[in-house]
Amino acid sequence: MAVMSGFFTNVHAVLFDLDGTLIDTNIDFPLMQKEMHALANSCGIADSRIKGLDILAIVDYIVSSLKADSQEERARLVRKNALNKLEEIEVAHSGNARLVKGTPELLQRLREACIKIGIVTRNCSRAVERSIVRTGLSFDILLTRDDVPYVKPHPDHILRALAMLDIRPEEAVTVGDHTLDVRCGRAAGTKTVGFLRKRRPDDFFDAEQPDIVIRDLSELLLHLSAS
6 MAVMSGFFTN VHAVLFDLDG TLIDTNIDFP LMQKEMHALA NSCGIADSRI
56 KGLDILAIVD YIVSSLKADS QEERARLVRK NALNKLEEIE VAHSGNARLV
106 KGTPELLQRL REACIKIGIV TRNCSRAVER SIVRTGLSFD ILLTRDDVPY
156 VKPHPDHILR ALAMLDIRPE EAVTVGDHTL DVRCGRAAGT KTVGFLRKRR
206 PDDFFDAEQP DIVIRDLSEL LLHLSAS
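Quick note on numbering: the sequence shown equals residues 6 to 232 in our numbering.
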């Protein structure tokens, strides 16, 4: 059973980002960014060297810099402490997670169409578990940052999920509210959908050029066909 005859055909899996796409939380990402900048500064890394990097990329940059300076043990401890700090913030702010409008109906329609549902998130597993328990979100596969060696935008994050679902990239669609999601989906060889939330400017996804941009989850059904 196809959802609807639309822009994408032969779709057998949809891989969603989690926070900001299927659920909304009050995780304080600016605080996480601030903490990682402070950590970088404490390791002698100026803000100018990590300008424009996302939160996890800052951690990787710090660790790589320390290793390049032959500080292997310090690099290991810094990485451990950084991830612990990020996890602490995520867990503390994930207790009020709520479903994004249209999520239950969308997932139900995908199930009726026998389209697999995957969640690929950069959040930690503890925070994700709290959010899922609270919202009752259902899915076929879930990969957090704790489950993979490389996270989005590295394509391995999505490719591992597809391998577990036994779905080829060309048979899948990646949906997310951030440019990192689109970049990852394109690198993995899937079709891509940018979910433009109200707080974002109209040109938010222009640089990454997703196949389509939607403003409401229900719009996704207009573009999918399982046959």
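For glycine and all other residues, C-beta sits at the position ideal for the given N, C-alpha and C. All values reported here derive from a predicted model rather than from experimental measurement.
Reduced DSSP secondary structure (H/G/I, E/B, other) of residue i
i	result
Thr179	strand
Leu148	strand
Val81	For clarity, residue 81 is Arg in the given sequence; the question names Val instead. In this structure, Arg81 counts as helix in the three-state DSSP scheme.
Asp186	helix
Arg127	coil
Ile172	coil
Leu88	helix
Leu142	coil
Phe13	strand
Cutoff 7 angstroms; reference residue i; Cβ partners in own chain excluding five residues on either side
i	result
Tyr155	Asp161, His162
Arg84	Val64, Val68
Same chain, Cβ closer than 8 angstroms to residue i, neighbours up to 5 away in sequence not counted
i	result
Glu92	Cys129, Arg131, Ala132
His159	Cys189, Ala192
Residues sharing a beta bridge with residue i, DSSP
i	result
Lys121	Ala18
Beta-carbon proximity list for residue i, same chain, < 6 angstroms, skipping 5 on both sides
i	result
Gly199	Val187, Phe210, Pro215, Val218
Val125	Leu20, Leu148, His162, Ile163, Ala166
Proximity test, residue i beta-carbon vs the ligand ZN heavy atom, cut-off 8 angstroms
i	result
Ile55	Inclusion of the ligand ZN in the displayed structure is not the case, the ligand content being empty and no account of it being possible.
Hey, which unbroken runs of the beta strand (DSSP E) at 3 residues or more fall wholly within the segment 197-232? 217-219
For the segment 15-64, which segments carrying the beta strand (DSSP E) assignment without a break, of at least 3 residues, lie completely within its bounds, in sequence order? 18-21
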